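Below: one structure, written as structure tokens.
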Amino acid sequence: MRDIVVFGSINYDLVTTSKRVPASGETIAASGFKTFHGGKGANQARALRRLSDKNEITVRMIGRVGNDVFGEELLSGLEKEGIDVSRVEKIKNEPTGTATIIVDEALGENRILVYPGANGTFKVTEETVWDEIRKANFLVLQNEIPVDVVFKAIQVAHDAHITVIYNPSPMTEIPHEILSKVDLLVLNSTEANAILPDSVATIDDDVDRALIAMKKLQQKLESTSIIITLGANGSIFSSPGASPQTFSAAKADKIVDTTGAGDTFLGAFVSKWSKDPRDHNIIPEAISFASAASALAVARPGAADGIPYLREL
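Going letter by letter, the sequence shown gives residues 24 to 336 in this note's numbering.
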């Protein structure tokens with residue numbers, strides 16, 4: 024049984040759909056409004072749970088919500104998924120984190136504003152959190168909790184010989200000594216550009232430029248496996264000492280909402296890759312599975328609701 028801990032954000036998503044995104048200073052009528060469960064941490068935990076065999080993987084969530092209605096609903100939802108939430112705390116005097124999302128109906132693209140709320144209360148002195156992490160086989164992290172806490176978690180896991188999976192979103196400056204302790208780095212093209220020197224051409228989901236970028240990343244992070252996702256243009260995977268591999272994207276029937284696509288991809292990939300991270304033969308299956316899961320996710324509204332189940336693939 025593989026024990027995977029996801030340490031990250033738990034948010035309540037407030038989603039407004041519109042025929043287009045308003046310009047600066049402009050007010051327009053929206054076409055719809057819905058609420059969803061979200062947060063990159065919770066989304067990745069859901070994806071892991073929904074897209075894996077419960078007899079092979081346990082998923083534990085470390086996070087915080089406010090002592091409010093949103094927090095109660097989010098906790099209940101995670102429990103119903105079969106995720107262990109015993110280390111999710113309710114915090115007084117801070118609301119549950121929220122994400123305000125505007126979805127452009129014409130393009131299926133989104134713009135997101137995140138208020139961290141309870142997610143932002145973690146500190147580097149969280150000894151009970153570090154103890155929980157040390158019990159795991161794998162640790163999954165993002166950047167929707169304080170980044171100094173993320174960096175500390177990476178250090179703790181590395182020192183305990185726990186496999187670290189890191190999706191540095193939203194992007195921030197990351198010291199090389201932290202990145203070098205990550206076992207699997209999952210990036211989109213924007214995040215890859217942010218990590219690389221200014222001399223590297225902007226990727227913009229272009230496969231050829233992404234391959235050049237990947238080789239630069241390999242030189243910079245010699246012991247880290249790396250994925251760069253390129254939207255409809257597929258993805259690139261590299262592992263230490265091996266040439267980068269390119270993979271096509273699964274075709275989505277339609278694009279409704281891309282909000283949770285990256286989190287779905289990560290969860291799906293890790294559910295397969297975690298069987299044996301050293302086995303290069305697993306990679307094509309894991310990427311194909313993750314791509315198919317993401318294609319289903321973007322055809323549905325909502326970050327959490329859009330994540331498919333194992334039986335659908």
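Don't be surprised by glycine CBs; every beta carbon is placed ideally from N, CA and C.
As the structure is a prediction and not an experimental result, all values here were calculated from the model.
Query, Result
"Cutoff 8 Å: residue 329 Cβ touching any chain C Cβ", "Of the protein chains in the structure, only one exists, and it is not chain C."
"8 Å Cβ cutoff met for residue 68 and residue 106", "yes"
"Rounded Cβ spacing between residue 259 and residue 267 (contact assumed at less than 8 Å)", "5 Å"
"Residue 255 versus residue 301: straight-line alpha-carbon distance, rounded", "27 Å"
"Delimiting residues of the beta strand (DSSP E) encompassing residue 228", "Where residue 228 is concerned, there is no enclosing beta strand (DSSP E), given that its DSSP letter is neither H nor E."
"Residues near residue 276 in its chain [Cβ-Cβ closer than 6 Å; skip 5 each side]", "322"
"N-terminal and C-terminal residue of the beta strand (DSSP E) that residue 160 is part of", "Premise fails: residue 160 is in no beta strand (DSSP E) and is neither H nor E."
"Inter-residue spacing [alpha-carbon to alpha-carbon] between residue 110 and residue 32", "13 Å"
"Alpha-carbon to alpha-carbon, residue 63 and residue 308", "24 Å"
"Buried or exposed (CB count within 10 angstroms, at least 16 for buried), residue 242", "exposed"
"Top-ranked residue by Cα proximity to residue 92, from 104, 203 and 115", "115"
"Residues near residue 325 in its chain [Cβ-Cβ closer than 6 Å; skip 5 each side]", "59"
"Closest by C-alpha distance to residue 185, when choosing among 118, 264 and 164", "164"
"Residue 130 versus residue 270: straight-line alpha-carbon distance, rounded", "24 Å"
"Beta-carbon proximity check, residue 88 vs residue 98, cutoff 8 Å", "yes"
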